[in-house]
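For the sequence shown, position 41 matches number 211 in my numbering, and the numbering has no gaps at all. Even for Gly, the Cβ is constructed at its ideal location relative to N, Cα and C.
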Amino acid sequence: MTAIPSRPNGRGIERPAEPANDQSFEGQIREFVRRDVTPARRAKAEEASPAPVPAGDQSAEHMNALLRRISGSAMEEIDRVILELQGVREMLHREAERVSREIAGYASLSHASITSMQVIADSLAQWKNGAQLHPGEKR
171 MTAIPSRPNG RGIERPAEPA NDQSFEGQIR EFVRRDVTPA RRAKAEEASP APVPAGDQSA
231 EHMNALLRRI SGSAMEEIDR VILELQGVRE MLHREAERVS REIAGYASLS HASITSMQVI
291 ADSLAQWKNG AQLHPGEKR
């Protein structure tokens with residue numbers, strides 16, 4: 171995974187700089203999920219079959235279980251947000267394609283109207299030149 175340099179945000183707090191492009195950003199998200207979700211899933215599997223704990227370590231085990239529950243809900247929330255963002259990304263891609271089609275349609279219509287105006291202008295010029303060549307004729 172590539173390191174993202176930090177930059178100050180004006181309040182003395184540094185925040186990560188923006189990634190260069192969408193693909194690198196998505197790669198960083200995937201790497202983050204691979205690195206952090208896998209241990210959480212292992213912890214859930216261990217939680218399902220806990221080993222016997224000596225009496226002195228019960229408070230530590232209780233804290234560990236509490237931390238696993240808290241981090242589990244946070245990971246579920248992160249997973250939900252990732253899925254929602256993927257849905258938004260797909261919707262934006264569909265909208266971009268639709269807008270591209272609309273723009274292509276407008277460009278085609280604009281080209282057709284320019285061509286029509288040129289034909290009309292040429293016809294008017296010929297009509298005007300014909301009237302000047304034969305000023306006394308009536309049709």
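Distance between residue j and residue i (C-alpha atoms, nearest Å)
i: residue 228; j: residue 239; result: 16 Å
i: residue 283; j: residue 265; result: 27 Å
i: residue 194; j: residue 245; result: 22 Å
i: residue 271; j: residue 260; result: 17 Å
i: residue 167; j: residue 257; result: Here the chain comprises residues numbered 171 to 309, so residue 167 is not present and cannot be evaluated.
i: residue 197; j: residue 204; result: 10 Å
i: residue 241; j: residue 267; result: 39 Å
i: residue 253; j: residue 289; result: 54 Å
i: residue 201; j: residue 250; result: 17 Å
i: residue 299; j: residue 291; result: 12 Å
i: residue 281; j: residue 243; result: 56 Å
i: residue 293; j: residue 255; result: 56 Å
i: residue 237; j: residue 231; result: 10 Å
i: residue 287; j: residue 301; result: 21 Å
Given residue i as reference, the closest of the options once Cα atoms are compared
i: residue 248; options: 199, 295 and 235; result: 199
Any non-hydrogen atom of the ligand SAH closer than 8 Å to residue i Cβ
i: residue 264; result: As presented, the structure is devoid of all ligands, the ligand SAH included, so that no description of it is given.
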